[in-house]
Amino acid sequence: MNENPLMILLYVGVAAYVGQIYWGDYKAIKSGEANAGAMPGAEAAPLGAFIIGTLGALLLLGVETSGEIALGLVDEQSEMVWFFVFAAIAAGVVEEVIFRGYLVIDN
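Our numbering puts the first residue of the sequence shown at 1310, with every later residue one more than the last.
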């Protein structure tokens, strides 16, 4: 992904739009008024799932960082602009929608 601020803004906009759709589906399911076209999985998960996911992500991050330090790859890491963090967060939203099958094109 490039570091063009306009592209990052566009990408964050797409993620915000998809997140808004998902949030609306979540609120509808929570109130008991789910519609047939809602995104699958737009419902609350148990706290344990969040804890397991967070601990798993931190474990993977620690293992990867330790491996990079052990192999001496830390000095080869490139730098990125500060606003790229928004694109990295937006990538998670867009990735989940596309690769988990929430976005289905019929035609």
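Glycine residues also receive a C-beta, built at the ideal position from the N, C-alpha and C atoms.
A quick note: this is a predicted structure, and the numbers were derived from the prediction, not measured.
Of the residues ASN1311, ASN1313 and ILE1330, the one whose Cα lies closest to the Cα of VAL1402 is ILE1330. TYR1326 has its alpha-carbon roughly 14 angstroms from the corresponding atom of ILE1398. Residue environment analysis places ILE1317 among the buried positions, since at least 16 neighbouring C-beta atoms fall within 10 angstroms of its C-beta.
PRO1355 carries a coil assignment under DSSP once its states are collapsed to helix, strand and coil. Judged by beta-carbon spacing, TYR1335 lies beyond the 8 angstroms limit of ALA1345, meaning their Cβ atoms are not closer than that value.
Rounded to whole angstroms, GLY1333 and GLU1342 show a C-alpha spacing of 11 angstroms.
With contacts defined as CB atoms closer than 8 angstroms, PRO1314 and PHE1392 qualify as a contacting pair. MET1316 sits in a helix when the DSSP states are folded into three classes.
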